[in-house]
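Enquirer: Structure in structure tokens, see below.
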Amino acid sequence: MASAVTAFAGAAFAQDLAPLNSDTEADRMDWSALSEQFGDMPKPAEGTQVGGVSKTLTNEYWRSLGEGYQNVADAQGVTLAYQAAPSEGDQLGQLQIAESMILQGNKGLLVSPQTDNNLQPAMEAASAQGIMVVNVNDAVIPSAEHYVGNVQRDNGVRVAQWFIDNAPEGGKVAVIEGQPGVFAAGQRTDGFTATITEARNFEVAASVPANWSRETAYDAASTILQQHPDLIGFYANNDGMALGVVEAVKAAGLQDQVAVFGTDGISDAYASIRAGDLTGTVDSFPVLTGEVAMEVVLRLIGGQDLPRVVATPQALITADNVEEFSVEDTAALREMLLAE
1 MASAVTAFAG AAFAQDLAPL NSDTEADRMD WSALSEQFGD MPKPAEGTQV GGVSKTLTNE
61 YWRSLGEGYQ NVADAQGVTL AYQAAPSEGD QLGQLQIAES MILQGNKGLL VSPQTDNNLQ
121 PAMEAASAQG IMVVNVNDAV IPSAEHYVGN VQRDNGVRVA QWFIDNAPEG GKVAVIEGQP
181 GVFAAGQRTD GFTATITEAR NFEVAASVPA NWSRETAYDA ASTILQQHPD LIGFYANNDG
241 MALGVVEAVK AAGLQDQVAV FGTDGISDAY ASIRAGDLTG TVDSFPVLTG EVAMEVVLRL
301 IGGQDLPRVV ATPQALITAD NVEEFSVEDT AALREMLLAE
């Protein structure tokens with residue numbers, strides 16, 4: 001049953017918008033062009049509050065995203081409340097957090113839903129009350145009016161291209177998917193699978209969900225390796241799962257045969273690449289993404305009319321460039337990305 005906060009809101013929300021596909025939406029711009037196209041950020045009114053609703057804070061990616069929010073909030077004199085459900089499976093708990101934030105006087109909400117629909121009632125209610133809502137990575141609410149994040153399909157495409165370039169003889173590969181029904185998981189998997197099968201000499205021997213869980217990914221990878229001992233590589237939809245796959249590969253004694261890639265760019269993934277265990281990750285720069293998302297919501301609160309999607313950067317990280325991208329200062333990272 002809908003709560004009192006959300007029960008009334010659905011009818012008026014985003015009726016003229018097509019369901020959002022953040023990867024292909026035509027009304028989009030790159031993060032790097034915000035200042036050039038829209039000028040300086042409007043100065044927020046004194047006492048401006050913004051709420052952030054994340055998937056979970058047990059995953060470093062979402063903690064880093066919140067760090068980015070806080071960086072810009074502090075610089076602009078904005079109060080930020082950043083909360084998350086205890087786990088990535090607590091969809092109702094996340095909805096209750098979002099509903100609570102609607103009642104706390106926030107002028108904007110930055111939401112990272114656990115699924116493509118669990119926060120839709122809260123998003124509709126907030127919009128109906130004039131609160132600016134931005135969907136930030138990686139599940140995508142179809143009725144979202146504003147989205148900040150990277151091109152999810154491109155995560156998988158970049159990894160597939162690495163296999164095509166580095167294993168021209170081909171072979172069997174496998175995918176460890178995220179949560180079924182979540183936009184990002186589907187796009188990452190499709191990008192990898194479609195790209196690598198086009199090369200014809202590769203076979204996707206298995207593609208199974210592990211629900212973003214390192215432990216489940218370990219179990220799934222162990223089973224796949226038993227079934228396909230000639231496997232040459234895995235692509236996991238996030239880094240936590242990829243690190244579980246690395247453990248399974250090492251337990252099977254196949255680390256010299258099997259390449260493993262993840263997605264997100266968390267510090268443990270970088271450390272594993274340096275150690276020679278994880279082959280690579282697609283870094284989507286969560287701190288920078290958080291900074292861009294906070295900038296976007298403050299521009300919206302300030303009355304600017306931004307495109308529906310603001311795309312943020314990503315890069316394939318391997319042993320070849322891991323030190324180059326090991327940049328903690330986001331200002332330096334911005335300069336490096338803009339120079340590419």
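For the sequence shown, UniProt numbering assigns the number 1 to the initial residue and increments by one for each residue that follows. All C-beta atoms in this analysis are idealised placements derived from N, C-alpha and C, irrespective of residue type, glycine included.
#1: Alpha carbon to alpha carbon, how far is D16 from E198? Give it in angstroms, no decimals.
#2: Under three-state DSSP, which class holds V309?
#3: Three or more beta-carbon pairs under 8 Å between the segment 205 to 216 and the segment 32 to 48, yes or no?
#4: Taking the DSSP output, what are the residues bridged to L109?
#5: Please state whether DSSP places D16 in a helix, a strand or coil.
#6: What are the boundary residues of the beta strand (DSSP E) that G262 is part of?
#7: So, V78 versus L298, is the Cβ gap smaller than 8 Å?
#8: Taking a contact to mean a Cβ-Cβ separation below 8 Å, would you say A271 touches A242 in this structure?
#9: So what's K43 in DSSP terms, helix, strand or just coil?
#10: Identify the continuous alpha helix (DSSP H) that holds P168 and give its terminal residues.
#11: For my contact list, I232 and G186 are in at a C-beta cut-off of 8 Å; report their separation, rounded to the angstrom.
#12: CA-CA distance, G181 and S112?
#13: With a threshold of 8 Å on Cβ separation, who are the neighbours of S64 within its own chain once the five nearest residues in sequence on each side are excluded?
#14: Can you tell me where the beta strand (DSSP E) with E203 in it begins and where it stops?
#15: Taking the C-alpha atoms as reference points, what is the distance between E328 and V148?
#16: So, with DSSP's three-state summary, where would you put Q83?
#17: Expressed to the nearest angstrom, what Euclidean distance is found between the alpha-carbon atoms of E323 and R214?
#18: Under three-state DSSP, which class holds V5?
#19: Using a Cβ-Cβ cut-off of 6 Å (strictly less than) and excluding sequence neighbours within five positions of A315, which residues of its own chain qualify?
#20: Starting from V282 and walking both ways along the beta strand (DSSP E), at which residues does that stretch end?
#21: Which runs of the alpha helix (DSSP H), 4 residues or longer, sit entirely within the segment 231 to 256?
Expert: A quick look at the data gives this:
#1: Position 198 of the sequence shown, counted from the start, is the residue given in the question as residue 198. Position 16 of the sequence shown, counted from the start, is the residue given in the question as residue 16. If I take the Cα positions, the gap works out to 37 Å.
#2: Along the sequence shown, one-based indexing puts residue 309 at 309. Here V309 sits in strand by DSSP.
#3: no
#4: The residue labelled residue 109 in the question sits at position 109 within the sequence shown. According to DSSP, L109 bridges with G51 and V133.
#5: The residue labelled residue 16 in the question sits at position 16 within the sequence shown. In this structure, D16 counts as coil in the three-state DSSP scheme.
#6: As a first step, residue 262 must be located in the sequence shown, where it is residue number 262. A259 to D264 is the extent of the beta strand (DSSP E) around G262.
#7: Along the sequence shown, read from residue 1 onward, the residue named residue 78 stands at position 78. Along the sequence shown, read from residue 1 onward, the residue named residue 298 stands at position 298. In this structure, L298 lies closer than 8 Å to V78 by Cβ.
#8: Start at 1 with the first residue of the sequence shown, and residue 271 comes out as number 271. Start at 1 with the first residue of the sequence shown, and residue 242 comes out as number 242. Taking 8 Å as the Cβ cut-off, A271 and A242 do not qualify as a contacting pair.
#9: Taking the sequence shown and counting its residues from 1, one reaches residue 43 at position 43. Coil at K43, not helix or strand.
#10: The residue given as residue 168 occupies position 168 in the sequence shown. Looking at the DSSP string, P168 is not in any alpha helix (DSSP H), and its letter there is neither H nor E.
#11: In the sequence shown, the residue the question calls residue 232 occupies position 232. In the sequence shown, the residue the question calls residue 186 occupies position 186. Rounded, the Cβ-Cβ distance is 24 Å, inconsistent with contact.
#12: As a first step, residue 181 must be located in the sequence shown, where it is residue number 181. As a first step, residue 112 must be located in the sequence shown, where it is residue number 112. If you take the alpha carbons of G181 and S112, they lie about 15 Å apart.
#13: For the purposes of this step, residue 64 is identified with residue 64 of the sequence shown, where counting begins at 1. Around S64: I266, P286, V287 and G290.
#14: Here residue 203 refers to the residue found at position 203 of the sequence shown. Counting along the chain, the beta strand (DSSP E) containing E203 begins and ends at F202 to P209.
#15: Position 328 of the sequence shown, counting from 1, holds the residue named residue 328. Position 148 of the sequence shown, counting from 1, holds the residue named residue 148. Cα to Cα, E328 sits roughly 21 Å from V148.
#16: Indexing the sequence shown from 1 puts residue 83 at position 83. Here Q83 sits in strand by DSSP.
#17: Translated into the one-based positions of the sequence shown, residue 323 becomes position 323. Translated into the one-based positions of the sequence shown, residue 214 becomes position 214. Distance between the alpha carbons of E323 and R214 is about 25 Å.
#18: Position 5 of the sequence shown holds residue 5. Here V5 scores only 49 on pLDDT, less than 50, and its place in the model should not be relied on; the value that follows carries that caveat. Looking at V5 - three-state DSSP - the assignment turns out to be coil, as it is neither helix nor strand.
#19: One-based indexing of the sequence shown puts residue 315 at position 315. Hits under 6 Å: D283.
#20: Translated into the one-based positions of the sequence shown, residue 282 becomes position 282. V282 -> beta strand (DSSP E) spans G280 to D283.
#21: 239 to 251
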